Every structure is written in C-alpha cells, then in structure tokens.
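Chains as they are written, first to last, in UniProt numbering: chain A, 1 to 206; chain B, 1 to 156. Read through the structure below, which is laid out as structure tokens, and then see the notes.
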Amino acid sequence: MDFKSSDTVTGPRAEDHLPQTAQAAVKIVIVGGFGVGKTTMVGSVSEIRPLTTEETMTQAGVGVDDNYGSDSKTATTVAMDFGRISITEQLVLYLFGTPGQERFWFLWNGLFEGALGAVVLIDTRRLEVSFDVIGRLEERGVPFVVAVNDFPDAPRYPIEDLRSALDLPEEIPIMKCDARRRASSRDVLMTLMRFLHSIAMASASA
Amino acid sequence: MTPPQRRRRLPKEASAKIPQQAPEGVSPHAPKEGGAQGGENQTADQTENQPERLFVLTSQVEDGDRASLDLVTLIVARADAPPTAQPEQSAVLRLCGSPLSVAELSAYLNLPFSVVTALLTELLTAELVHARAPIVRSELPDRSLLEAVMHGLQKL
Ligand SMILES: Nc1nc2c(ncn2[C@@H]2O[C@H](COP(=O)(O)OP(=O)(O)OP(=O)(O)O)[C@@H](O)[C@H]2O)c(=O)[nH]1
Ligand SMILES: [Mg+2]
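Right under this line is the structure:
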C-alpha cells in the first residue's frame with residue numbers, strides 16, 4: 001500500500017459532502033458484462049463524479065509453483081464503480097456498477113442481498129453474457145429489471161423476442177435505454193422502483 | 001435473426017432462507033471469519049476456484065465485527081484523531097466530519113474495502129466513529145421507503 005500520510009488524501013469536494021442529517025443509505029446494483037455501459041449509467045444519474053472501490057484478493061492455485069517457495073497465489077484487484085443520489089436530507093441512494101462474474105460478488109458483503117434490487121444491463125450483440133447473471137439473481141431471489149443498451153451496430157430484437165430468449169416471466173420489466181442519457185437511466189431506475197413497489201403491494205395483500 | 005436462448009432458474013432453497021433483515025447484510029457466500037485463512041468457510045459448491053480476500057492491514061480486533069460493515073454504512077467521526085492515531089485512522093476521522101459511506105472512504109483513501117472495514121472496526125471499538133446502518137432489502141419491503149426513493153428519482 002502506498003499510504004503515506006493523512007495529508008495526502010483528497011476527500012470529497014465541499015459540494016459532495018452529505019448533510020449531517022443523512023441517517024441511512026440504500027443501494028441498487030447495476031450488473032452486466034464488460035463494456036455494456038455500467039459506469040456510463042452510474043455516471044449519468046450520480047450527483048458525484050463516479051468513484052471506484054477496490055478489493056484485493058488472492059486466487060489460490062492459479063499461479064504456477066516457482067522458485068519463491070510454496071506460496072503460488074496471485075493477487076488480483078477487483079474494482080467496482082459507484083455513484084450517489086441524495087433522496088432526502090435523511091436518505092441516500094448508492095448505485096454500484098459491478099461485473100457480471102459472480103465469483104467476484106462475495107468480495108463485497110451482501111452486495112446483492114442487501115440491495116433493494118438490480119438492473120441487468122444487456123447488449124444484444126452479446127446476449128448470452130447476461131444469462132449467468134440473470135440466473136444467479138433468480139437463484140438468490142434478488143428482484144431485477146432488464147435494460148437493453150442501444151448500441152448502433154447491435155441487432156434490434158422486439159422486446160417480446162428478448163423476453164422469450166431470456167426466458168423471463170411477463171411481470172419482469174424489460175426496456176430499452178441509452179445509459180448516456182440521464183433521463184433514460186433515471187427511467188430505468190424508476191421502472192425498477194415501480195417493480196419493487198408492485199412486489200411489496202402483492203406481498204402485503206397476500 | 002433469432003437471439004440465443006436462456007433457461008430460467010429457480011430460487012435456491014438456501015438463498016431463499018437468508019434473513020434479509022439482518023443488520024449484517026451478510027451474503028451467504030461471504031467468508032465470515034475473514035479471508036486470509038478463508039477457504040474452509042465457504043459453502044461446498046464454492047470452494048473450488050473461489051478467490052479469497054487478502055487482508056493487508058493486521059488488526060487486533062476480532063474479524064467477526066467486520067461483517068456488520070456494509071459498502072453503504074454511513075460513518076461519522078465522533079472525535080478528533082488522538083495523537084497516537086495511525087495516519088490511516090487520522091485520514092478516516094478527517095474525512096468523516098460529515099457522514100461518508102464505507103465505499104466512499106475506500107475510494108478517497110484508495111484502500112481496498114476489506115482494509116477500510118478493518119480500520120473502521122478499530123475506530124468503532126475505540127468509539128472514535130459512529131456507524132449508521134444501511135436499510136437492506138427485507139422479506140416485507142417497506143413501501144414508504146420505496147415511495148421516497150421514487151420521489152427522489154423523479155426530481156433528478
Ligand atoms: N450507443 C451507446 N453507447 C453506450 C451506451 N452506454 C455506454 N455506451 C458506451 O459504451 C462504452 C462502454 O461503456 P462503460 O460505461 O465504460 O461500460 P462498463 O460496463 O462500465 O464497462 P467495464 O467497466 O469495462 O466492464 C463507452 O464508450 C460508452 O460511451 C449506450 O446506452 N448507448
Ligand atoms: Mg465500468
């Protein structure tokens with residue numbers, strides 16, 4: 001670690017400070033394959049410049065035994081971008097953009113289990129990249145919506161074809177978006193919130 | 001053109017039973033005892049190829065407490081740094097004059113999440129900081145919370 005002195009640390013800009021009244025935070029996870037637009041989506045709605053948190057891990061048994069001894073572990077750094085939206089003076093929403101490979105998720109305690117829900121970002125040029133992510137969310141019982149990022153050279157399938165290709169039930173929202181546009185990303189988050197609300201209503205009346 | 005085809009999966013028994021309300025917000029696969037000696041703590045289907053956390057700073061505080069710190073736990077300083085504080089601790093206390101999430105601390109300090117949680121565990125024990133627990137998804141989601149978030153998003 002290159003940590004030298006507390007004076008070298010640059011904290012948040014004055015306008016990025018949360019008010020003292022901030023009592024609690026909630027989180028939403030944006031998950032998808034490489035280059036699908038996770039960071040773009042986080043950045044387009046965040047009130048702060050997107051930040052990055054990292055975790056270092058060792059991968060047992062990956063390295064090849066060498067002259068340095070029996071320890072053949074390699075250290076890997078896994079990064080996750082995130083942004084923030086102040087909801088009220090008391091409540092803060094954080095958005096985390098995380099890679100699709102589930103083997104990294106355990107690094108961050110309860111990232112998915114503690115989240116209100118997830119947005120699965122997909123790119124129709126590589127639809128199958130999202131299959132495993134969606135399956136893992138289903139297994140963990142994490143509510144999610146699907147947002148299709150519209151890349152210019154990507155095949156355009158009707159939403160209903162995507163629904164059947166992804167084998168998603170009728171109630172799970174699937175929508176097109178442009179992660180670069182704040183209004184579009186906000187609509188995706190609103191769709192997730194409405195979906196979570198409908199689940200809450202259904203479980204209250206059950 | 002036809003897209004490739006996926007097959008739906010069902011919720012796993014084990015994950016369906018996770019107490020969602022637990023303040024720890026601990027993932028079923030999170031190694032609770034810390035990572036350095038990690039492999040044994042993981043569930044059977046995870047042991048193979050499962051990378052483990054690398055803790056860089058050593059801490060005298062029990063690892064168990066670390067699990068209660070979420071990425072979005074808000075940290076607030078309660079006191080100024082004592083003269084004996086390590087530079088990392090002083091930096092945390094300086095940054096947390098107003099509430100700051102563990103994730104933001106990790107980003108600004110440029111330290112891994114697990115290192116920051118270890119630092120914070122010490123500071124919590126020394127009563128130099130306060131932790132404001134996040135609201136995690138629960139079995140019975142709180143509708144007024146969801147409505148508040150929707151309202152906030154609408155203002156964007
Ligand atoms: N046309 C189009 N381009 C997009 C959209 N979202 C992101 N992009 C572009 O796609 C590229 C990758 O976006 P990122 O946000 O970095 O993707 P990411 O998922 O964070 O990528 P990794 O973190 O590397 O996995 C960038 O050049 C973006 O400008 C979108 O909605 N439409
Ligand atoms: Mg990214």
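Every residue, glycine too, gets a C-beta built ideally from N, C-alpha and C. Computed from a prediction, not measured in an experiment: that's the story for all the values here.
Remark: C-beta atoms of A:A25 and A:V119 do not approach each other more closely than 7 Å. DSSP places A:T39 inside the alpha helix (DSSP H), whose first and last residues are 38-45. For B:I135, the closest C-alpha among the options A:R181, A:T10, A:T21, A:K27 is that of A:K27. Burial is judged here by how many other beta carbons sit within 10 angstroms of a residue's own beta carbon; A:G35 has fewer than 16 and is exposed. In this structure, ligand 1 has no non-hydrogen atom nearer than 6 Å to the beta-carbon of B:D70. Distance from the Cα of B:V92 is smallest, within the candidate group B:L105, B:P83, B:P4, B:T84, for B:L105. Taking 7 Å as the CB threshold, A:Q101 stays off the interface with chain B. Proximity annotation: ligand 2 has residues A:K38, A:T39, A:D81, A:G97 in chain order, each selected because its CB is closer than 7 Å to a heavy atom of the ligand. Interface with chain B (7 Å Cβ-Cβ cutoff): A:T53 is included. Taking every protein chain shown into account, the CB of B:Q89 has 16 or more other CB atoms within 10 angstroms, so this residue is buried. Residues of chain A with a Cβ closer than 8 Å to the Cβ of B:A133 are, in chain order, A24. Taking the beta carbon of B:L109 as reference, the chain A residues within 7 Å of it are V9, listed in sequence order. Contact between A:V133 and A:V31 holds: CB atoms are separated by about 5 Å, below the 8 Å threshold.
At a cut-off of 6 Å, the beta-carbon of A:G100 does not count as near ligand 1: no heavy atom of the ligand is closer than that. Look at A:I199 here: in three-state DSSP terms it is helix. The residues L95, in chain order, have a CB closer than 7 Å to that of B:Y108 in the same chain once the five nearest residues on each side in sequence are set aside. In the three-state reduction of the DSSP assignment, A:F151 falls in the coil class, being assigned neither a helical nor a strand state.
Note on B:M1: under 16 other CB atoms within 10 angstroms of its CB, so exposed under the neighbour-count rule. A contact between stretches requires three or more CB pairs, one per stretch, nearer than 8 Å, and the region 37-47 of chain A meets this requirement with the region 173-181 of chain A. Using beta-carbon distances, A:E139 counts as an interface residue toward chain B, with a partner under 7 Å. Judged by beta-carbon spacing, B:V116 lies within the 7 Å limit of B:V102, meaning their Cβ atoms are closer than that value. Nearest CB-CB separation between A:I87 and chain B: below the 7 Å threshold. Shown here, A:D187 sits in a helix according to DSSP, grouped into three states. Under the criterion of beta carbons closer than 8 Å, A:I85 and A:V145 do not qualify as touching, at roughly 17 Å. Straight through space, the alpha carbons of A:A147 and A:V188 are spaced by roughly 7 Å.
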